[in-house]
Amino acid sequence: MVLTHRTVENIDIVALAGRLVMADVPQVRQRLLAIVEQGSGKLILDLAEVGFMDSSGLSVLVSVFKAARAKSGEVVLLHLNPTVRSLIELTRLQQVFSIFDDEATALARLH
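Note that numbering that gives the first Met the number 0 gives residue 71 to position 72 of the sequence shown, counting from 1, and the numbers run on in steps of one.
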């Protein structure tokens with residue numbers, strides 16, 4: 000799992016690439032929680048390059064969401080492929096996370 004982090008206007012943007020599965024979860028969770036803790040609590044997760052995610056990957060999203068909320072922040076999801084979008088919808092997490100196909104719109108949501 001490759002994780003790329005950048006900041007735009009005090010909003011953290013993290014792009015993940017690869018498979019978000021149980022083997023990768025501890026490291027990814029730790030890095031994302033550190034980014035939320037050190038930043039503003041406003042996070043865009045760009046999942047365009049995530050080809051597959053299992054239930055442990057979903058648990059990372061929920062953990063990061065809770066950490067952001069504790070800082071009065073928010074986590075939004077960006078560029079979901081059909082496989083990941085189906086998993087999000089199957090678990091009804093689209094009711095928790097705002098989902099965007101355009102980075103500018105996601106940034107506007109977090110301002």
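Just so you know, even glycine gets a beta-carbon here, dropped at the ideal spot from N, CA and C.
On a predicted model such as this, the values are computed, not experimentally measured, just so you know.
Rounded distance between the beta-carbons of residue j and residue i, thought under 8 Å
{"i": "V74", "j": "V63", "result": "6 Å"}
{"i": "F96", "j": "L76", "result": "5 Å"}
Residue i to residue j span [Cα, whole Å]
{"i": "L2", "j": "F51", "result": "15 Å"}
{"i": "D100", "j": "L15", "result": "15 Å"}
{"i": "L79", "j": "V20", "result": "16 Å"}
{"i": "I10", "j": "Q94", "result": "22 Å"}
{"i": "I107", "j": "E48", "result": "For the record, residue 107 in the displayed sequence is Ala; it is not Ile. Roughly 22 Å separates the two Cα atoms."}
{"i": "S39", "j": "H110", "result": "11 Å"}
{"i": "K70", "j": "P81", "result": "31 Å"}
Coil, strand or helix - residue i by DSSP
{"i": "R91", "result": "coil"}
{"i": "E73", "result": "strand"}
{"i": "A67", "result": "helix"}
{"i": "L79", "result": "coil"}
Closest Cα partner of residue i within the set the options
{"i": "S55", "options": "D100, L86, A47, D11", "result": "L86"}
{"i": "K37", "options": "I98, M0, H4", "result": "Position check: residue 37 holds Gln in this sequence, whereas Lys was assumed. If we check each option's Cα against that of Q37, H4 comes out closest."}
{"i": "T90", "options": "L60, V27, L109", "result": "L60"}
{"i": "A67", "options": "R28, R18, M0", "result": "R28"}
{"i": "I34", "options": "V49, E48, V24, V13", "result": "V13"}
{"i": "K41", "options": "V7, M0, Q26", "result": "V7"}
Span of the beta strand (DSSP E) around residue i
{"i": "L46", "result": "41 to 52"}
{"i": "V13", "result": "10 to 19"}
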